[in-house]
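Residue numbers (the UniProt record's numbering): 1 to 210.
Cβ atoms here follow ideal geometry from the backbone N, Cα and C, with glycine treated the same way.
Here the structure comes first, spelled out in structure tokens, and everything after it is commentary.
If you want it as structure tokens, here you go:
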């Protein structure tokens, strides 16, 4: 089999010239094929090609595909399976347009925007939990861990406690105790005023570890 690069010696200049042989379709890597698939699925989502249902917020309508929604979400799967005919639309009035946009983009392409405000990750998590989209829920939790800081630690701790995300909760508690300047912050004072039990539990976890 010939090498991808063919070396030719030029007789008049005595230079080596490397000619690049084009890559044939059969030589495409698995990652490039996946990129093509993601691009095609994103086109289905963004252009509404062959859509057979709609997701409606209070202010916007998104064309969608029942097969893809059902494949990515147990809630949608059960919803569409119970209906005898076509489901023309699904109303989600409690989610804002941007949250639904990001949720659907993930369902079609597995994408997750890396520059989200951390509070948007809260909203996406709640949307994922409500609709049984496990992959999106896990990405939201990972995002919050990666964007944990002194300024948002108390808020993420409350979020983790409210949603019974114990792994996230323990990690944030450990972070707060390792960065004890947080205990002097206004955010910590607010936490003590609003949820003294959670603040005491966090401090007790420090005693338990020592």
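Minimum length 4: unbroken alpha helix (DSSP H) runs contained in the UniProt domain "BTB" (51-116): 66-72, 74-82, 97-109
Please tell me whether residue 57 and residue 90 are closer than 8 Å, where the distance is taken between their beta carbons. Working through the chain shown from its first residue, we reach residue 57 at position 57. Working through the chain shown from its first residue, we reach residue 90 at position 90. Result no, Cβ atoms of residue 57 and residue 90 do not sit closer than 8 Å.
According to DSSP, is residue 120 part of a helix, a strand, or is it coil? The sequence position of residue 120 within the chain shown is 120, counting from 1. Note: residue 120 maps to helix in three-state DSSP.
Is it a yes or a no for the region 73-80 touching the region 127-140, going by three-plus beta-carbon pairs under 8 Å? yes
Run the CB neighbour count on residue 199, radius 10 Å, all protein chains shown included, and call it buried at 16 or more, exposed below. By 1-based counting over the chain shown, the position of residue 199 is 199. Result: buried.
So, is residue 166 buried or exposed, given that buried needs 16 or more other C-beta atoms within 10 angstroms? Here residue 166 corresponds to residue number 166 of the chain shown, with the count starting at 1. Result: exposed.
Simplified DSSP state of residue 203, which is helix, strand or coil: The sequence position of residue 203 within the chain shown is 203, counting from 1. It is helical.
Can you give me the Cβ contacts of residue 172 inside the same chain, cut-off strictly under 8 Å, excluding the 5 residues immediately before and after it? Position 172 of the chain shown, counting from 1, holds the residue named residue 172. 148, 153, 156, 157, 160.
In angstroms with no decimal places, state the Cα-to-Cα distance between residue 108 and residue 162. Working through the chain shown from its first residue, we reach residue 108 at position 108. Working through the chain shown from its first residue, we reach residue 162 at position 162. Cα to Cα, residue 108 sits roughly 29 Å from residue 162.
Neighbour-count burial assignment, residue 140, 16 or more Cβ in a 10 Å radius: For the purposes of this step, residue 140 is taken as the residue at position 140 of the chain shown. With 16 or more Cβ atoms within 10 Å of its Cβ, residue 140 is classed as buried.
Proximity winner among 61, 35, 150, 51, relative to residue 69 (alpha-carbon distances): As a first step, residue 69 must be located in the chain shown, where it is residue number 69. It is 51 whose Cα lies nearest to the Cα of residue 69.
Just verifying my parser: in three-state terms, what is the DSSP assignment at residue 165? Your numbering for residue 165 matches position 165 in the chain shown. Per DSSP, reduced to three states, the secondary structure at residue 165 is coil, with no helix or strand assignment.
Whose C-beta lies closer than 7 Å to the C-beta of residue 144 among residues of the same chain, with five residues either side of it excluded? Locating residue 144 in the chain shown gives position 144, counting from the first residue. 118, 121, 156, 168, listed in sequence order.
Would you report the Cα separation of residue 191 and residue 137, rounded to the nearest angstrom? Indexing the chain shown from 1 puts residue 191 at position 191. Indexing the chain shown from 1 puts residue 137 at position 137. Taking the CA atoms as reference points, residue 191 sits about 25 Å from residue 137.
With DSSP collapsed to three states, give me the class of residue 127. Counting from one through the chain shown, the residue named residue 127 turns up at place 127. Note: residue 127 maps to helix in three-state DSSP.
Pairwise C-alpha distance: residue 151 and residue 48: Walking along the chain shown from the start, residue 48 turns up at place 48. Walking along the chain shown from the start, residue 151 turns up at place 151. Rounded to whole angstroms, the separation of the alpha carbons of residue 151 and residue 48 is 40 Å.
Comparing C-alpha positions only, which one of 41, 45, 71, 60 sits nearest to residue 92? Residue 92 sits at position 92 when you count from the first residue of the chain shown. When each option's Cα is compared against that of residue 92, the closest is 60.
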